[in-house]
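A.B. asks:
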Amino acid sequence: MTDICVQPHKDDHPALPALRLCAGCYYGLRGHIKALPRLHADLGGHLSAPAVVTTVSNGPRAAQDGDRDPLVIAETRSPINPAVAELRDQIRHDLVWWTVYVADQRGFKLPDNDLRQIGVWLWRQIDWIAASLPAAEECPPVMKALAGRARAILQPSGAKRIKIGPCREVLEDGPCGGTLYATCRAEDDPRPSAIYCGECDFEAGPESWRRFGRDYLKEAG
Ligand SMILES: [Zn+2]
Ligand SMILES: [Zn+2]
């Protein structure tokens, strides 16, 4: 049995004891599986496609002061954004697929058909996934890609992603080394902002910002 992480890395990353994944891949997988049911729910709020507005303005000459606003000749809004709907289906499909796979391999009963419960169930199986081939090879890139695509869709809605600095979560073999981001949502968006790591499962809500900021700056100083 090899003790090198089975995920592709430029150089060899030692696997965690009894696992096939290095600390970065292991904690990344935890973070992505933890986040996916919530990302799936958040994407539900982005299902309607943006309206496509066609206008006419002033004909061939350039606009001048005093011109009327352009006239809207068509405003079409398709009820469903197919890219978001497809990604939500894919998230559900892949979480369910891996849940059925692990339950089947281990002879466990399936959780209820609720994505949040499926996510919690699968999250508890991460040590088994990380210790088993081919699961340790195939599951992490799937979860990472899904979480990345979901976050890319969810960010632009007025939310800004601000790079904070290196993550200092201490994993088994040292600091995480991923990058911390803060999402600052638009003012009229009731959802809270968060600080999260792009690599491990670190996530802090707005209620812990003050304490987090103080500790973070203290460590940096
Ligand atoms: Zn790795
Ligand atoms: Zn981290």
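Numbering (my numbering), first residue to last: 18 to 238.
For glycine and all other residues, C-beta sits at the position ideal for the given N, C-alpha and C.
What you are looking at is a predicted structure, and each value in this text was computed from that prediction instead of being measured.
Below 7 Å, is the gap between the Cβ of L38 and the nearest heavy atom of ligand 1?
C.D. replies: Checking the Cβ of L38 against ligand 1 gives yes.
A.B. asks: Terminal residues of the continuous alpha helix (DSSP H) containing I143?
C.D. replies: Taken as a continuous stretch (DSSP letters only), the alpha helix (DSSP H) holding I143 covers I143 to A148.
A.B. asks: Between which two residues does the beta strand (DSSP E) harbouring C214 extend?
C.D. replies: Run containing C214: A211 to C214, per the beta strand (DSSP E) assignment.
A.B. asks: At the level of alpha carbons, what is the spacing between A100 and H49?
C.D. replies: The straight-line gap from Cα to Cα measures roughly 20 Å.
A.B. asks: Can the beta-carbon of G2 be found closer than 8 Å to that of H30?
C.D. replies: Residue 2 lies beyond the range of the chain shown here (18 to 238); nothing can be said about it.
A.B. asks: So the beta strand (DSSP E) L197 belongs to, where does it begin and stop?
C.D. replies: Run containing L197: T196 to C201, per the beta strand (DSSP E) assignment.
A.B. asks: Return the CA-CA distance between L46 and A152, expressed in angstroms with no decimal places.
C.D. replies: If I take the Cα positions, the gap works out to 12 Å.
A.B. asks: Do you know offhand how far L139's Cα is from T116's?
C.D. replies: If I take the Cα positions, the gap works out to 6 Å.
A.B. asks: Let's test the definition: count the other Cβ atoms within 10 Å of the Cβ of R105 and tell me whether it reaches 16, buried, or not, exposed.
C.D. replies: Buried is the call here.
A.B. asks: A221 bridges to which residues according to DSSP?
C.D. replies: Note: A221 sits in a beta bridge opposite I212.
A.B. asks: Compute every distance between the C-beta of G191 and the non-hydrogen atoms of ligand 2, then say whether any falls below 7 Å.
C.D. replies: Answer for G191: no, Cβ out of range of ligand 2.
A.B. asks: Please identify the residue among A162, A164 and A211 whose C-alpha is closest to the C-alpha of K180.
C.D. replies: Out of A162, A164 and A211, A211 has the C-alpha closest to the C-alpha of K180.
A.B. asks: Thinking C-beta only, is L112 closer than 8 Å to A120?
C.D. replies: Contact flag unset, no.
A.B. asks: Can you give me the C-alpha to C-alpha distance between L88 and D144, rounded to a whole angstrom?
C.D. replies: Rounded to the nearest angstrom, the two C-alpha atoms are 60 Å apart.
A.B. asks: Just to confirm the assignment, what range does the alpha helix (DSSP H) spanning P25 have?
C.D. replies: Looking at the DSSP string, P25 is not in any alpha helix (DSSP H), and its letter there is neither H nor E.
A.B. asks: So, under 8 Å CB-CB, E216 and C193 are touching, yes? Tell me the CB distance rounded to an integer number of Å.
C.D. replies: Going by Cβ atoms, the distance from E216 to C193 rounds to 6 Å, so yes, they are a contact pair.
A.B. asks: Rounding to the nearest angstrom, what Cα-Cα distance links P157 and L163 in this structure?
C.D. replies: In a straight line, the C-alpha of P157 is about 10 Å away from that of L163.
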